[in-house]
Each structure stands twice: as structure tokens, then as C-alpha cells.
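Before any comments, here is the structure.
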Amino acid sequence: MIEKIEELLAEVKGFNTKSKEEIENFRIKYNGKKGVLNDFFEKFKEVPNDQKKDFGQKINTLKQAVNAKLEDLKNASASSIILEKEDLTKPAFPLDLGSRHPINLVKNRIIEIFKSIGFAVADGPEIEDDWHNFTALNLPEYHPARDMQDTFFIEQNPDILLRTHTSSVQIRYMEENEPPIRILSPGRVFRNEAISSRSHCIFHQIEGLYIDENVSFADLKQTIQFFTTELFGKSKIRMRPSFFPFTEPSAEIDVYWGLNSETDYRITKGTGWLEIMGCGMVDPAVLKNVNIDPEKYSGYAFGMGIERITMLLYQMSDIRMFFENDIRTLEQFKSL
């Protein structure tokens, strides 16, 4: 009988599995009510007195080996389950916290300001056709103003291109909605420009449009003054006459930023003034193109580059920093 226990002890020590079912079968075989250990304890009564000591020690050794093996198998099985659920491709602790990109921080702030006075957000495609990007905005083919928005064409006949401004979103919205209209159209735009510290072939715009009865240039000026005050604090602005094919009259908006640092000198070219947006009253021809009666309705539009405002707010002297994905730059915005 002792030899049988020795055989079982070797079997227990050699047993190994990760299957829950096999572990349970092993437990029942040895520790069950009708298991091996209970069977040996029943037979212990029949063992001669002079052999009971050795027999009892062997049974206890087998019992300890069984319990130790069961503990090891359960721990191995639990670890295996944890590993199966855990993504082993994740980086080890501690994990670095990310942050919002400065462009998104400023974009969201601008949207919040205009939402407070009733503007809604509208979106549109980055890949546009000629009608929505140029022609409907009073920029017919061969118009000299198209040279200001040289872009990247994807197809020809018909012309498909990367949009040069988010004004195309305004056209699409006016085609599908009747006045009153009060929308913002933020997004990424593309132009074939030389990349430098002040310009890039990819940048972000946010444009606004308000169409209703009896909208005047005074309404436009008041809206711009409200916006710049909310964003920059006590801001001084000036409006310079300009030309845009889709607005008449048109103006450029400058904000006086001052000359308090070397970055200020660089961004404002030593003048203290920085152009932040263009604006004007929507040209009647544009309203006709989207089937809105210019005799009944009027409106204003404005547009600004988000990068330029971000450079002002965060004293960043090079627009290329927004697109390089340099962790050292982005880490500065973790707390914002």
C-alpha cells in the first residue's frame, strides 16, 4: 500500500495543466468525498499497529503534496486569465498624460465665445468642388482673386480640390437652410504657399456668417469688438478697407498687441498691430447664387486663421511648431 502511495505522490508532483476542468478533476480525484485520500484514511483503520506510523506519515505527505499542487495550479490559472485580458502592448507605468493641442484649445475657446451670442457650428468636406469653393463665392474662373488662393487640385473636368477656406461650408449651409442663419465653420484648409515661420500650406480657419433682415455693418463691427474683448481682454482694434470677392464692403481687422517681447516684434513685424481676420457684408451676388433674396436679406461674414491667434496668445514665434508634433512643445499645454 505504501508503494501505491509513492506512485501517487510521483503522479501528483508531475501533474501540470492550465485547464480549469482538469484542475477540478484533479481536486475531486484526491480531495473528493470518494477520493484517494479519504480512501486511504478509511484503510488506515485496517493497518497493523506497527505500520501505522509510516503509513500515516505517507498519507500526510501525499495530502500536503496534493494541496500544494492545487494552490500552484490555481495561481497559474489566475495569472493566465489576467494576462489574457491585459493588453501587453501598453507602455509600462508611469503613463505620460496627454494634452489638447494648442490649436484645439484656441478653436474651442473661439467657438464658446460665438456660441454665447447665438452662433451654431456647421461642418463640411475638406475635398471640395469648384462651385462651392470658388464660383458660388463670386470667384468665377480666371478671376484674378483666385491667385490669392492657389491650392491643390485632385481632379480636373470637373475640378476637385482641397478647400482653400471654410467659406465653402457657408455656401453648402445656405443652399440647404433659409434665413435667419448664424453659423461658425471651423476646419482645416490648404493653400499652395511657401512654408515659413509665418505661413504654411496647411492651416486652420474659423469663419462666421450671419444672414437676416436689416443686418448692417454696425452689427458686424459690434460683433468683432465683442469677440476680441472676450478673447484678448481690453483690446484695441482697427478696421482697414480691403477686398474680398464675396463681401462688399470688406475690411481687415487688426488687433493692437503691443511690443512687449521679442516674439511680439517678430509676429507684428515691429508695428504692434497684428491682422487677425477679414470681414465684410455678404455680396448680393453670393446670396443670389444660393437662392436667397438680396432685396430682403443682408448679412455679414468674417474669417480668421486659428494659428495666428494661437501664436499671439501663447507667444509662439514659429507657425511650423504646430505641425511638427514635438513632444517638448505639446507638453507645455498639459495643464490647460
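Residue numbers for the sequence shown follow this note's numbering, so the first one is -13 and each next one is one higher.
Where a beta carbon is used, it is the ideal one built from N, C-alpha and C, also for glycine.
These figures come from a predicted structure and were not determined experimentally.
Of the candidates ASN119, ASP36 and HIS190, the residue whose Cα lies closest to the Cα of VAL92 is HIS190.
Scanning the region 155 to 236 for uninterrupted alpha helix (DSSP H) segments of 4 residues or longer gives 203 to 218, listed from N- to C-terminal end. The distance from the Cβ of ASP136 to that of ARG177 is about 6 Å, consistent with a contact at the 8 Å cut-off. Residue pairing by DSSP places VAL268 opposite THR233 in a beta bridge. Under DSSP, ILE239 forms a beta bridge with MET225 and MET263. Cα atoms of ARG86 and VAL52: separation of roughly 56 Å, rounded to the nearest angstrom. Per the C-alpha coordinates, the member of GLU234, ASP58 and LEU(-6) positioned closest to ASN46 is LEU(-6). Within its own chain, the residues whose Cβ lies closer than 8 Å to the Cβ of ILE181, once the five positions on either side in sequence are excluded, are CYS187 and ARG306, listed in chain order.
Distances from the alpha-carbon of THR3 to those of LEU59, PHE120, PRO231 and LEU206 put LEU59 closest. Counting along the chain, the unbroken alpha helix (DSSP H) around TYR251 starts and ends at 248 to 254. From the listed residues ILE192, PHE1, MET225 and ASP198, the smallest Cα separation to GLN208 is found for MET225. Per DSSP, reduced to three states, the secondary structure at PHE12 is helical. Going by DSSP, ILE103 is part of no alpha helix (DSSP H) at all; its letter is neither H nor E. As DSSP reads the structure, ILE113 sits in a beta bridge with LEU148. Under the three-state reduction of DSSP output, VAL107 falls in the strand class. A Cβ-Cβ distance of about 19 Å is found for the pair MET267 and THR214, leaving them out of contact under the 8 Å criterion. CA-CA distance, PHE1 to LYS29, rounds to 25 Å. A Cβ-Cβ separation of about 6 Å places ILE97 in contact with VAL107 under the 8 Å criterion. Straight-line measurement puts the Cα of ILE192 at about 17 Å from the Cα of SER236. The straight-line gap separating the alpha-carbon atoms of GLU199 and LYS282 is approximately 6 Å. TYR159 and ILE113 have their C-alpha atoms roughly 16 Å apart. Just measuring C-alpha positions, the residue of GLU32, LYS55, ILE278 and PHE27 sitting nearest GLN43 is PHE27. Distances from the alpha-carbon of SER5 to those of PRO166, ASN61, GLN318 and PRO34 put ASN61 closest.
Pairing PRO126 with THR152 gives a Cβ-Cβ distance that is not under 9 Å. A residue is called buried once 16 or more other Cβ atoms fall within 10 Å of its Cβ, and ILE262 is buried on that count.
Within a 10 Å sphere around the beta-carbon of PHE139 sit fewer than 16 other beta-carbons, which makes this residue exposed. Between ILE157 and LEU123, the beta carbon gap of about 7 Å places them in contact (Cβ cut-off 8 Å). Counting C-beta atoms within 10 angstroms of its own C-beta, LYS(-1) has fewer than 16 neighbours from the protein chains shown and is therefore classed as exposed. About 28 Å separates the CB atoms of LEU147 and PHE100; that is not less than 8 Å, and the two are not in contact.
Nearest to ILE103 by alpha-carbon distance, out of GLY194, TYR16, PRO88 and GLU(-3), is GLY194. Comparing C-alpha distances from ASP145 to each of ASN119, LEU245 and SER154 shows the shortest one belongs to ASN119.
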